[in-house]
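Going by the UniProt record's numbering, the letters in the sequence shown line up with residues 1 to 286, in that order. Presented below is the structure to which this report refers.
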Amino acid sequence: MHTWNHARPTIPRPVDARRVAHMSGRQTLHTHLFGPDEADTPIVVALHGLTGHGKRWSFLAAEHLPDVRIVAPDLLGHGASSWEPPWAIADHVAALSAALDDHVPAGRRAVVLAHSYGGAIAIRLAHARPDVVSGLVLLDPAQGLHPATAREYAESSLAHWGYPDAAAAAAAKRMEGWAEVPDHILDAEIADHLVATDSGVQWRVSTPGAAVAWSEMAREFVLPPAGLPTHVVVADRVEPPFVGPDFLAACAADRSESVTVHHVDTEHMVPFLVPGEVAGLVRDLL
Numbered sequence: 001m002h003t004w005n006h007a008r009p010t011i012p013r014p015v016d017a018r019r020v021a022h023m024s025g026r027q028t029l030h031t032h033l034f035g036p037d038e039a040d041t042p043i044v045v046a047l048h049g050l051t052g053h054g055k056r057w058s059f060l061a062a063e064h065l066p067d068v069r070i071v072a073p074d075l076l077g078h079g080a081s082s083w084e085p086p087w088a089i090a091d092h093v094a095a096l097s098a099a100l101d102d103h104v105p106a107g108r109r110a111v112v113l114a115h116s117y118g119g120a121i122a123i124r125l126a127h128a129r130p131d132v133v134s135g136l137v138l139l140d141p142a143q144g145l146h147p148a149t150a151r152e153y154a155e156s157s158l159a160h161w162g163y164p165d166a167a168a169a170a171a172a173k174r175m176e177g178w179a180e181v182p183d184h185i186l187d188a189e190i191a192d193h194l195v196a197t198d199s200g201v202q203w204r205v206s207t208p209g210a211a212v213a214w215s216e217m218a219r220e221f222v223l224p225p226a227g228l229p230t231h232v233v234v235a236d237r238v239e240p241p242f243v244g245p246d247f248l249a250a251c252a253a254d255r256s257e258s259v260t261v262h263h264v265d266t267e268h269m270v271p272f273l274v275p276g277e278v279a280g281l282v283r284d285l286l
């Protein structure tokens, strides 16, 4: 595994990436790269969800897709990517488009694998870059949320943003859809993504950026581009669901030739809970 912009900050603000963004005039993404880098290696661009980071995909890469080149950026306001605003979906798409140019060779195409909020971004990225995106695997994509639900989630998450210590952070994760995630994955999340603050610890995520993300998820949903092969995975234990019935109905009515919907009996952290199934869907599009 290789990484770019490798320096790690000691407080939950990626200072180096912010400096680069200011100097270059664009928002930059810290990008994790997994797997072989041969001319004929298939490429997957993997997008995490809100409060996540690109290194989360290392387990899927190593255990289920070792022969695939996986390009996994930290989204804006996450990890070691730029924390400078703006943080709207359109800004994520612009930054990711630049990452595609950096990591997908000219003339090559890539499947985009995305979880949760990353799914909402991935659909817009597919519309913006049809020259690169060859298919979508959307894991419990979060878009088109009812405004009251998005506000409730935003206010709750911001009210409980930090933790006194790592044990409290881990316990909170277990209550937020991570109950059945394997211990070694949660341990890695703590080691890779939790940072010290003056009052305890918090995830390496911009607080105002997270608030904006919940607002963006309340925007009207967007369908994948017509004709683009797409797998949508719905986590059936999530209540209220992130994948709404109106989106599924629109897919059935307007994208039946290209969108396939799959249901899994899991909580929201689909990449960790059914990784074999996820890898199978990726390979289907590769």
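All C-beta atoms in this analysis are idealised placements derived from N, C-alpha and C, irrespective of residue type, glycine included. Here the structure is a predicted model, which is why all the values come from computation and not from measurement.
Check: List the residues that DSSP assigns as beta-bridge partners of Gly177.; Outcome: Partner(s): none; Gly177 has no beta bridge.
Check: Tell me the DSSP secondary structure of Ala88 in three-state form.; Outcome: coil
Check: Please classify residue 289 as buried or exposed, where buried requires at least 16 other C-beta atoms within 10 Å of its C-beta.; Outcome: The structure shown does not extend to residue 289, since the chain is modelled only from 1 through 286, so no value can be given for it.
Check: Could you pull out every residue in the same chain whose Cβ sits closer than 8 Å to the Cβ of Ser24, ignoring the five residues on either side in sequence?; Outcome: Any reading at Ser24 must be qualified, since the residue scores a pLDDT of 36, below 50, and its modelled position is unreliable; the value itself is stated next. Nothing meets the Cβ criterion.
Check: Is the region 27–44 in contact with the region 54–67, if contact means three or more CB pairs nearer than 8 Å?; Outcome: yes
Check: Once the 5 residues before and after Arg129 are set aside, which same chain residues still bring their CB inside 7 Å of it?; Outcome: Ser97, Leu100
Check: Taking Asp265 as the reference, give the member of Asp140, Ala171, Ala196, Gly162 with the closest Cα.; Outcome: Asp140
Check: Who does Val71 pair with in a DSSP beta bridge?; Outcome: Leu33, Val45
Check: List, from N- to C-terminal side, the beta strand (DSSP E) runs of 3 residues or more that fit wholly inside the region 98–135.; Outcome: 110–115
Check: Which residue spans inside the region 168–242 form an unbroken beta strand (DSSP E) run of at least 3?; Outcome: 194–197, 200–203, 230–235
Check: Kindly indicate the opening and closing residues of the beta strand (DSSP E) around His263.; Outcome: 259–264
Check: Quick one: any contact between the region 118–128 and the region 167–176, if contact means 3 or more CB pairs under 8 Å?; Outcome: no
Check: For the candidate residues Pro208, Phe59, Ser134, whose alpha-carbon lies nearest to that of Leu50?; Outcome: Pro208
Check: Assess, as a yes-or-no matter, whether the region 104–119 is touched by the region 38–45 under the definition of 3 or more beta carbon pairs within less than 8 Å.; Outcome: yes
Check: Closest to Ala218 by CA distance: which of Phe247, Ala191, Leu113, Ala226 is it?; Outcome: Phe247
Check: If you follow the alpha helix (DSSP H) that Val278 is in, where does it begin and where does it stop?; Outcome: 275–285
Check: May I ask which residues mark the beginning and end of the alpha helix (DSSP H) holding Glu152?; Outcome: 147–159
Check: For a quick check, are the C-beta atoms of Val270 and Val278 less than 9 Å apart?; Outcome: yes
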